[in-house]
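Read the structure below first, then the notes.
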Amino acid sequence: MPVVLDRETILHDAWYRLPAHAGVEVLPWGLLDFRLVLNHGAVFGIGQGSRMTFILFTIAATTAALLLFARGTRASMRLAHCAIALILAGGLGNLFDRMQYGAVRDFMYMLPGWNLPLGWQWPGCETSEVFPWIFNVADMSLLAGMALFIWGSWNADKVAAQTSKHAA
Numbered sequence: 034m035p036v037v038l039d040r041e042t043i044l045h046d047a048w049y050r051l052p053a054h055a056g057v058e059v060l061p062w063g064l065l066d067f068r069l070v071l072n073h074g075a076v077f078g079i080g081q082g083s084r085m086t087f088i089l090f091t092i093a094a095t096t097a098a099l100l101l102f103a104r105g106t107r108a109s110m111r112l113a114h115c116a117i118a119l120i121l122a123g124g125l126g127n128l129f130d131r132m133q134y135g136a137v138r139d140f141m142y143m144l145p146g147w148n149l150p151l152g153w154q155w156p157g158c159e160t161s162e163v164f165p166w167i168f169n170v171a172d173m174s175l176l177a178g179m180a181l182f183i184w185g186s187w188n189a190d191k192v193a194a195q196t197s198k199h200a201a
């Protein structure tokens, strides 16, 4: 007799009943641990519990990025293409998690146990850790893509200004 498994029950057990764990040290000296957490918010845990808002925002941002790629770039703009590809990859990765699991699966924990000097804390955090946020590869892709796009835009303006100076 075939066994029919309830997909939601499996996902519920697998992702929402995570056993308590301290994480796995990946790099020595407390540089990086892997610690699986479910993030129901945005980057750095902002806006917990707004799943549908983040799904709609991600779909809108993905559409905007695709339009920017199609209509706002030329074939020679390779840096912009790389930046948009990174942004799309990160956004779609987190969108998949959010739609499939109801939350984004974050696992990279940098500098666990490293504390800010003098007992300082980040605003809105109850810890004095140097980097208390746990993130994933999609988050890194998003942030790298945005930084690359901003840097490329700034650099393009600078080059255009120098070119117009020399032409005059």
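Under the working numbering, think of the first position of the sequence shown as 34, with each following residue one higher. Beta carbons are placed, not taken as given, at the ideal position from N, Cα and C, and that holds for glycine.
Residues in its own chain within less than 6 Å of residue i by CB, not counting five upstream and five downstream?
i	result
Ile-117	Ala-98 and Phe-102
When we look at the beta-carbon of residue i and count the other beta-carbons within 10 Å, is it buried (16 or more) or exposed?
i	result
Asn-188	exposed
Arg-138	buried
Thr-91	buried
Between residue i and residue j, how many whole angstroms is the CB-CB distance? I'm expecting something under 8 Å.
i	j	result
Ile-167	Tyr-142	5 Å
Leu-112	Gly-178	About 11 Å separates the two Cβ atoms, so there is no contact after all.
Can the beta-carbon of residue i be found less than 8 Å from the beta-carbon of residue j?
i	j	result
Asn-148	Val-170	no
Arg-131	Ile-79	no
Leu-181	Cys-115	yes
Thr-95	Leu-121	yes
Gly-146	Gly-63	yes
Identify, in the order they occur along the chain, each residue of the same chain with its Cβ nearer than 7 Å to the Cβ of residue i, setting aside the five sequence neighbours on each side.
i	result
Gly-135	Arg-84
Val-57	Asp-66 and Phe-67
Val-59	Leu-65, Asp-66 and Phe-67
Leu-44	Bear in mind that a pLDDT of 48 at Leu-44, under 50, signals an unreliable position, so the number given afterwards is only what the model happens to contain. Correct list, in chain order: Tyr-134.
With a threshold of 8 Å between beta carbons, is residue i in contact with chain C?
i	result
Ala-103	Absent from the structure is chain C; it holds one protein chain and no more.
What does a CB cutoff of less than 8 Å around residue i pick up in its chain, not counting 5 residues either side in sequence?
i	result
Thr-86	Gly-80
Gly-157	none
Pro-165	Trp-155 and Cys-158
* Of all the beta strand (DSSP E) runs that stay within the bounds of the segment 132 to 199, which reach a length of 3 or more residues? -> 137 to 143
* Those runs of the beta strand (DSSP E) which lie wholly inside the segment 56 to 94 and span at least 3 residues -> 57 to 60 and 65 to 72
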